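Written out below as structure tokens is the structure these notes cover.
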Amino acid sequence: MQHILRYSSIALLMVFATTSLSAQTEQFAFRISFKDKAATTFSIFNPSSFLSQRAVDRRAKYGIAVDSTDLPVVATYIDSVLNVTNGVLHLSSRWFNHCVILTEDSSSVLNLLNLNFVDRVKKVGYYSTGLHQKPSNTYDSIGNTGNKPTAFDENFYAAAWNQINLCQGAYLHEQGNMGEGKLISVIDVGYSGVNSIAAFDRLFAEDRLIDTWNFIYDSSYVFDYGSHGTQVLSCMAAYIPETFVGTAPKAMYALYATDHLSTEQAIEEDNLLAATERADSLGTDVINSSLGYNTFDNSSDSYSYSDLDGNTTLAAKAANMATRKGILFVTSAGNEG
């Protein structure tokens, strides 16, 4: 995985789904872009049929109209693609009107160009063997999570004091703003131990973990595979007074794993995009991403310096679109120059 702990700009599988595809047979991932949504069965005048009420309310709050980019990809288009390729659907993007499929037969995608609604086909991933092994991580419980502090001071925040003090977070907390009522979606590698570390006990006890999805393995389980997401989440959600208190310990959270550890391929940007769209549909207020991409295993997919202009990469486009939908998209600045 690229840039763990030293990410550059924004940006981001493949993933071997638990499907009938052979675990030991090579697999290819293709992004299929469609020309239109002419055959859609949805209407922008009935957004509740494809967006959560929270997402609809957020658009209304900021005066953002529901438009064709909000409409799901046409299901019959995807069905036709899967029939032609004998593939498996990995994800789809309503914002950019495409889908990503996994197939064992790379030659079959040539027939997709005969479909009048298909615009482009691009290979975004290749896997010579089956499901990659997930590294295991073990964590010990830290201790009691404590109660409301008598003072929001260095003693209360302890190891988190420097970051809290730098951003004057204690002032916000004193005013009762600890993330209540806000939904934050985190896009990262994995979240090893989050379901067992005491610092996150309140997140579960108060039912504030709203959604999880692992875009690497097409699974809802995100509590292994990598600990960087755990570290990032702790900066916001951890709550153990006098040990470590995050910046928004009372917010609701959604956790999405999108980055493949052992390969560096274009499909990981598709994963980030899909996670961003899922967060939007859920009605998220803030997205935090700590992943960045510029160099891929397939050099033809790599970006030049001039491509990193905030508009060209797929991940940048995802962040820009999220912003247009009323979401605050926060991403790491990186330290690679």
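Numbering of the sequence shown is given in this note's numbering, commencing with residue 675 and proceeding in unit increments.
We put the beta carbon where it would ideally sit given N, CA and C, even for glycine.
Since the structure is predicted, the reported quantities are computational estimates derived from the model, not experimental observations.
Which of helix, strand or coil DSSP assigns to residue i
i	result
Q939	coil
F897	coil
Q701	strand
F708	strand
A931	strand
T1005	strand
T921	coil
I871	coil
L784	helix
L789	coil
S946	Residue identity differs from the one stated: residue 946 is Leu in this sequence, not Ser. Three-state result, L946: helix.
L776	strand
Buried or exposed by the 16-neighbour rule on C-beta atoms within 10 Å, applied to residue i
i	result
Y979	exposed
A968	Position check: residue 968 holds Asn in this sequence, whereas Ala was assumed. So N968 counts as buried.
F704	buried
D898	buried
F1003	buried
T692	At T692 the pLDDT is 35, less than 50, meaning the model places this residue with poor confidence; the figure from the coordinates comes in the next sentence. Exposed, by the Cβ-count rule.
Start and end residues, beta strand (DSSP E) containing residue i
i	result
K797	792-801
N829	No beta strand (DSSP E) contains N829, which is instead part of the alpha helix (DSSP H) from 828-831.
D885	883-888
D862	857-862
N962	960-963
L763	762-767
T714	Taken as a continuous stretch (DSSP letters only), T714 belongs to no beta strand (DSSP E), as it is neither H nor E.
Residue i vs residue j beta-carbon contact at 8 Å
i	j	result
L776	H764	yes
L784	V792	no
L956	R733	no
I838	A873	no
E848	F826	yes
I871	I961	no
A928	M910	no
A834	F918	yes
D944	V798	yes
S959	I858	Here residue 959 turns out to be Asp, not Ser, going by the sequence shown. A contact, by the Cβ cut-off of 8 Å.
F970	Q939	yes
V795	I706	yes
L947	L982	no
S964	S1006	yes
D753	I718	no
Span of the alpha helix (DSSP H), counted from its first residue to its last, around residue i
i	result
M910	902-911
T997	988-998
L756	749-759
D847	One point to set straight first is that residue 847 is His, not Asp, in the sequence displayed. That run of the alpha helix (DSSP H) goes 843-848.
L840	835-840
Any alpha helix (DSSP H) of 4 or more consecutive residues that is wholly inside the region 721-747 = For the region 721-747, whole alpha helix (DSSP H) runs of length 4 or above, ordered along the chain, are 727-735.
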